[in-house]
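Novice: Encoded as structure tokens, here's the structure I'll be asking about.
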Amino acid sequence: METETGLAIMGVLGVAYGLGVAFAPASLREGPHWGRLVQGGAVFLLLLLVVLVGIPYLRGDS
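Residue numbers 1 to 62, in full-length UniProt numbering, belong to the letters of the sequence shown in order.
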């Protein structure tokens with residue numbers, strides 16, 4: 001996979017994550033696990049960034 005493809009996938013997932021966090025129902029945001037959900041999603045996106053962009057970039061698949 002090329003680096004540009006990974007960047008495009010990360011862009012779409014980042015926007016979807018941001019919209020999900022921004023427009024989550026108030027009942028979910030006030031729940032006890034909201035912080036963990038947001039942090040878990042951010043860590044998941046970071047891991048995907050490494051896999052989809054970092055590794056292809058280091059391998060020279062651009």
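We treat Cβ as the ideally placed atom computed from N, Cα and C, and that holds for glycine.
(1) Counting beta carbon pairs with one atom in the stretch 33 to 53 and one in the stretch 3 to 15, are three or more of them shorter than 8 Å?
(2) In the DSSP assignment, the alpha helix (DSSP H) including L52 goes from what residue to what residue?
(3) Does the separation of the CB atoms of V38 and V21 fall below 9 Å?
(4) Taking only the alpha-carbon atoms, compute the straight-line gap between H33 and L19 and give it to the nearest angstrom.
Specialist: By the coordinates alone:
(1) Taking a cut-off of 8 Å for Cβ pairs, the stretch 3 to 15 and the stretch 33 to 53 touch, as three or more such pairs fall below it.
(2) Taken as a continuous stretch (DSSP letters only), L52 belongs to no alpha helix (DSSP H), as it is neither H nor E.
(3) Pairing V38 with V21 gives a Cβ-Cβ distance under 9 Å.
(4) As the crow flies, the alpha-carbon of H33 is around 18 Å from that of L19.
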